[in-house]
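Input: a single structure, listed below in structure tokens.
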Amino acid sequence: MRNLVCSVVFVVLVLLLLVQPAGLRAAADGVAGVKVMSDIPYRSAGQLDAYEVERCKLDVYLPAVAGSTGFPTVVWFYGGNLTSGSKAGPKVLAASLAREGVAVVLPDYRLSPRAKYPAYIEDAAAAFAWTHGHIAGLGGRADRVFLAGHSAGGYLAFMVGLDAHYLQAEGLTLTNIAGVIPVSGQTMTHYTVRAERGLAQTTITADAAAPVFYCRKETPPMLVLYADHDMPAREEENQYLVAVMHWAGNERVTGRLIAGRDHGSIASRMVDAGDPARGALLDFVKGMK
Numbered sequence: 001m002r003n004l005v006c007s008v009v010f011v012v013l014v015l016l017l018l019v020q021p022a023g024l025r026a027a028a029d030g031v032a033g034v035k036v037m038s039d040i041p042y043r044s045a046g047q048l049d050a051y052e053v054e055r056c057k058l059d060v061y062l063p064a065v066a067g068s069t070g071f072p073t074v075v076w077f078y079g080g081n082l083t084s085g086s087k088a089g090p091k092v093l094a095a096s097l098a099r100e101g102v103a104v105v106l107p108d109y110r111l112s113p114r115a116k117y118p119a120y121i122e123d124a125a126a127a128f129a130w131t132h133g134h135i136a137g138l139g140g141r142a143d144r145v146f147l148a149g150h151s152a153g154g155y156l157a158f159m160v161g162l163d164a165h166y167l168q169a170e171g172l173t174l175t176n177i178a179g180v181i182p183v184s185g186q187t188m189t190h191y192t193v194r195a196e197r198g199l200a201q202t203t204i205t206a207d208a209a210a211p212v213f214y215c216r217k218e219t220p221p222m223l224v225l226y227a228d229h230d231m232p233a234r235e236e237e238n239q240y241l242v243a244v245m246h247w248a249g250n251e252r253v254t255g256r257l258i259a260g261r262d263h264g265s266i267a268s269r270m271v272d273a274g275d276p277a278r279g280a281l282l283d284f285v286k287g288m289k
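For the sequence shown, counting from 1, position 52 maps to 52 in my numbering; every step adds exactly one.
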């Protein structure tokens, strides 16, 4: 009899899992106050090649405190030179922000050299579009979805937030972005894009693959973070973009130097309570209404 009861319970649990929408099955992460939903495809599988099916997935970290609704969401792109990385990398940061009442979406995206410019930017735009279309059903607000990321991820956030045609391909506009928080992102043409073209890292280019190419008076609100001991020219690149935005009359772009940080620690220390970059991000996200 006990075996029969156990079998029935097992079947019921399996059926409960199967009736959830595909790709939206939650996985416990073992962290109080956080609900994690893993490996959700953000592109239609029928239109994809095998590499897109493999890479175009995302994880969602939701505030799980009772009554958590209407929360903002940050779509966070990891760094790795556009050639490496995984959405598992920033999971501790994502969970820590979710405990603060901010949902975080962590997408994977196609990487160079297997994918070439602009494939990774197109993936970033598709991940934002998926989040914009689904977050209300998960308790968040579609009008408070932010783009953010570190290093190469900051470059992706910049590009999707400034070059309107990537979101237009997804049926959205730049007005659908609540704000952009690039952390030590490259503002010139990314050196991996240059490498794909056979150019040296020091062959500085600012063409349509460069965030600075799109400086103008009207953009989504931006909080541009960079470190005082950042990698070569990265601090200056970010300062230059902010300066040109201000020159164009853009009052929605703010730059902030984070003292005592290098290119890696400006992101890795964002999990720490009291970290200035973490505080700046939370103030920016929670301050937008």
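All C-beta atoms in this analysis are idealised placements derived from N, C-alpha and C, irrespective of residue type, glycine included.
Q. So is T175 buried or exposed if we call it buried at 16+ other beta carbons inside 10 Å?
A. By the neighbour-count rule (16 or more Cβ atoms within 10 Å), T175 is not buried but exposed.
Q: Give the straight-line distance between the Cα atoms of A27 and I40, rounded to the nearest whole angstrom.
A: Here the model assigns A27 a pLDDT of 43, short of 50, so the residue's position is not dependable, and the following value carries that caveat. Those two C-alpha atoms are separated by around 11 angstroms.
Q.
Which same chain residues end up closer than 6 angstroms to M288 when comparing Cβ atoms and leaving out the 5 residues on each side of it in sequence?
A. A178, G179
Q.
Quick check on the burial criterion: 16 or more other C-beta atoms within 10 angstroms. Buried or exposed for A126?
A. buried
Q. Would Y51 be called buried (16 or more neighbouring beta carbons within 10 Å of its own) or exposed?
A. Classification for Y51: exposed.
Q) Start and end of the alpha helix (DSSP H) containing F158? A) Counting along the chain, the alpha helix (DSSP H) containing F158 begins and ends at 152-162.
Q: Please classify A277: does DSSP put it in a helix, a strand, or coil?
A: helix
Q) What do you get for G201, buried or exposed, if any count of 16 or more other CB atoms within 10 angstroms of its CB means buried? A) Sequence inspection shows Gln at residue 201; the Gly mentioned does not correspond to that position. Label assigned to Q201: exposed.
Q. In terms of alpha-carbon separation, which member of A280, P276, V36, F213 lies closest to M245?
A. Considering only alpha carbons, the answer is F213.
Q) Span of the beta strand (DSSP E) holding V271? A) That residue, V271, is in no beta strand (DSSP E); it is neither H nor E in DSSP.
Q) Relative to the alpha-carbon of W290, which residue among L172, R110, L93 has its alpha-carbon at the smallest distance? A) A query on residue 290 cannot be resolved here, the shown segment of the chain reaching from 1 to 289 and no further.
(Q) Using the Cβ count rule (16 or more neighbours within 10 Å means buried), how would you classify G79? (A) buried
(Q) Along the chain, where does the alpha helix (DSSP H) containing L225 start, and where does it finish? (A) From DSSP, L225 is part of no alpha helix (DSSP H) but of the beta strand (DSSP E) over 222-229.
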